[in-house]
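Engineer: In this note's numbering, the protein residues as written are 7 to 263.
Cβ atoms here follow ideal geometry from the backbone N, Cα and C, with glycine treated the same way.
I'd like to ask you about the structure that follows.
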C-alpha cells in the first residue's frame, strides 16, 4: 500500500528539466531500435518540407474592390451659334437630321433622324425627336458619359413642346432646348426613373449608385445644363429626368409670334 501511494505521488510530481524519463518497454522491444536493415537509425532526422505556400484548400483571399474605368473627359463646352454653324457642327458629330421651319419659338429647328452619339432616342408616344440644333449638339457632346455607364437608349415623352412652366413662364421645351427622359436602356433591360431612381442619395456619382442616379449626377458635373431636375427636385419630376440648356437670346421672341 505504501509503495502504491509513493508511486502515485511520484506520478503527480513535475519532472526536473533535463532529467531522464523512465520508459516501460513493451514485450519483445530491444534497445537501441533497429531499422529494417538491422542497423540503428541515424541520430539525425530530416523532415521533408514543401515550398512555403498556402494549402491548396485555402486559396489566397480575392480582393472585393470594384474596378471601374474613369469617365471620358469632355472637351470644354463650345456650343455653336444658331443657324448654319450649328448645323455644320451637328453634321460633324455624325447626327443625321432634317431642317424644318414649323417649330414655333425654336431658333434652328431640326428633326433628328439617327442616333445621337451612339444613343438611340425612343419617343414614348412615337413622336419625332424635334428640338433646337444647339440642344442636339449638347446631347451629342455628353453622350460618351452615358455610353460609358452602359446606356444605349433613352425613352422620352417630350423634347420640343410649346408650353409654360408651373410658374407661368414659357418652358425651355418651348424653345426646343429641353427633353424629359423617363427610362434608359442598359444591358439588363430598361430602367425606369419612376421606380429605379433612388431618392435622397448622398452621392449619386458613387460607383455603386443606381445607373439613373449616376447619369444624372455625372451630367450635372459637366455644368452644361441650365436645368437638370430629377425626382429629388419635386413631385412633378417623380417619373422623369428633365434636361435643358440655357437660352442665348438668339431665340425668336415668343411674345411677338
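So, using beta-carbon positions, are residue 137 and residue 180 closer together than 8 Å?
Structural biologist: Contact: no.
Engineer: Quick one: give me the first and last residue of the beta strand (DSSP E) that residue 127 is part of.
Structural biologist: Here the beta strand (DSSP E) through residue 127 covers 126-129.
Engineer: Taking the beta carbon of residue 208 as the centre, do at least 16 other beta carbons fall within 10 Å, making it buried, or is it exposed?
Structural biologist: Burial call: exposed.
Engineer: Mapping the DSSP letters down to three states, classify residue 203 as helix, strand or coil.
Structural biologist: Three-state result, residue 203: coil.
Engineer: Apart from the five residues on each side of it in sequence, which residues of its chain come closer than 7 Å, Cβ to Cβ, to residue 210?
Structural biologist: 219, 220, 222, 223, listed in sequence order.
Engineer: Cβ-heavy atom distance between residue 257 and the ligand NAD below 7 Å?
Structural biologist: The ligand NAD is not part of the structure shown, which contains no ligands of any sort.
Engineer: Helix, strand or coil: which one does DSSP assign to residue 257?
Structural biologist: Coil at residue 257, not helix or strand.
Engineer: What does a CB cutoff of less than 6 Å around residue 153 pick up in its chain, not counting 5 residues either side in sequence?
Structural biologist: These residues qualify, in order along the chain: 124.
Engineer: Any idea what DSSP makes of residue 61, helix, strand or coil?
Structural biologist: Bear in mind that a pLDDT of 49 at residue 61, under 50, signals an unreliable position, so the model cannot answer this.
Engineer: Can you grab the Cα-Cα spacing for the pair residue 52 / residue 213, in whole Å?
Structural biologist: Note that residue 52 scores a pLDDT of 43, beneath 50, so its modelled location is shaky; the value from the coordinates is reported in the next line. Approximately 55 Å between the Cα atoms of the pair.
Engineer: Taking the alpha carbon of residue 167 as the reference point, which residue from 100, 246, 176 has its own alpha carbon closest?
Structural biologist: Of 100, 246, 176, the residue nearest in Cα terms is 176.
Engineer: Go ahead and pull the three-state DSSP assignment for residue 251.
Structural biologist: Coil.
Engineer: Check whether the stretch 111-121 and the stretch 189-200 are in contact - that is, three or more C-beta pairs closer than 8 Å.
Structural biologist: Touching, no.
Engineer: Determine the burial state of residue 237: buried for a count of at least 16 other Cβ atoms within 10 Å of its Cβ, exposed for fewer.
Structural biologist: By the neighbour-count rule (16 or more Cβ atoms within 10 Å), residue 237 is buried.
Engineer: Taking the beta strand (DSSP E) that residue 117 falls in, what are its first and last residues?
Structural biologist: Per DSSP, residue 117 belongs to the beta strand (DSSP E) from 115-118.
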